[in-house]
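S.K.: Numbered per the UniProt record's numbering, the sequence shown finishes at 102, counting up by one with no gaps. Just so it is clear, CB atoms sit at the ideal spot from N, CA and C, and this is done for glycine as well. This structure is a prediction, so every number in the text was calculated from the model and none was measured. Next up is a structure, given as structure tokens.
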Amino acid sequence: MTIARLLLARQRVVILDEATAHLDNTSEAAVQEALTEALEGRTAIVIAHRLSTVRAADLILVAEAGRIVERGTHEELLSAGGRYAELYRTQFARQSGETMAA
Numbered sequence: 001m002t003i004a005r006l007l008l009a010r011q012r013v014v015i016l017d018e019a020t021a022h023l024d025n026t027s028e029a030a031v032q033e034a035l036t037e038a039l040e041g042r043t044a045i046v047i048a049h050r051l052s053t054v055r056a057a058d059l060i061l062v063a064e065a066g067r068i069v070e071r072g073t074h075e076e077l078l079s080a081g082g083r084y085a086e087l088y089r090t091q092f093a094r095q096s097g098e099t100m101a102a
């Protein structure tokens with residue numbers, strides 16, 4: 001409900017803090033699809049631990065111990081083989097059984 005009110009306000013800048021953290025995978029996918037459409041043309045700052053929440057972002061900042069340690073798109077960060085790639089492998093390799101070369 002909070003997300004719906006936020007989106008109806010049509011703010012140009014939106015901050016979402018763990019918007020899908022407590023959702024199951026099916027609900028998360030539905031919310032992500034709705035957010036993608038609703039946030040079109042807006043600036044969104046998304047704070048997330050689930051990397052599926054930010055994969056399509058124009059820019060991802062990876063913070064650790066209060067510092068930004070990496071920045072880039074999903075593909076750039078995976079190619080760099082740093083902390084983001086490590087977190088991605090941890091979250092998704094177990095789920096899909098894929099092996100990702102960094």
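Rounded to whole angstroms, what is the Cα-Cα separation between R5 and A85?
M.R.: C-alpha separation (whole angstroms): 34 Å.
S.K.: So which of I45, A65 and A63 has the shortest CA-CA distance to A57?
M.R.: For the residues I45, A65 and A63, the minimum Cα distance to A57 belongs to I45.
S.K.: What do you reckon, are the CB atoms on V13 and T43 nearer than 9 Å?
M.R.: Yes, the Cβ-Cβ distance between V13 and T43 is below 9 Å.
S.K.: For the putative contact between A65 and E18, defined by C-beta atoms under 8 Å, what is the C-beta separation to the nearest angstrom?
M.R.: About 19 Å separates the two Cβ atoms, so there is no contact after all.
S.K.: Tell me the residue span of the beta strand (DSSP E) that contains F70.
M.R.: Just to set this straight, residue 70 is Glu in the shown sequence, not Phe. R67 to G72 is the span of the beta strand (DSSP E), which, as asked, contains E70.
S.K.: Rounded to whole angstroms, what is the Cα-Cα separation between A9 and R55?
M.R.: So the two alpha carbons sit approximately 25 Å from each other.
S.K.: Can you tell which of N25, Q32, T26 and D24 has the C-alpha that lies nearest to the C-alpha of L16?
M.R.: Of the candidates N25, Q32, T26 and D24, the one whose C-alpha sits nearest the C-alpha of L16 is Q32.
S.K.: Are G72 and L51 closer than 9 Å when you measure CB to CB?
M.R.: No, they are not a contact pair.
S.K.: DSSP on L39, reduced to helix/strand/coil?
M.R.: Coil, per DSSP.
S.K.: For A56, report the span of its beta strand (DSSP E) as first-last.
M.R.: Run containing A56: none; DSSP gives neither H nor E here.
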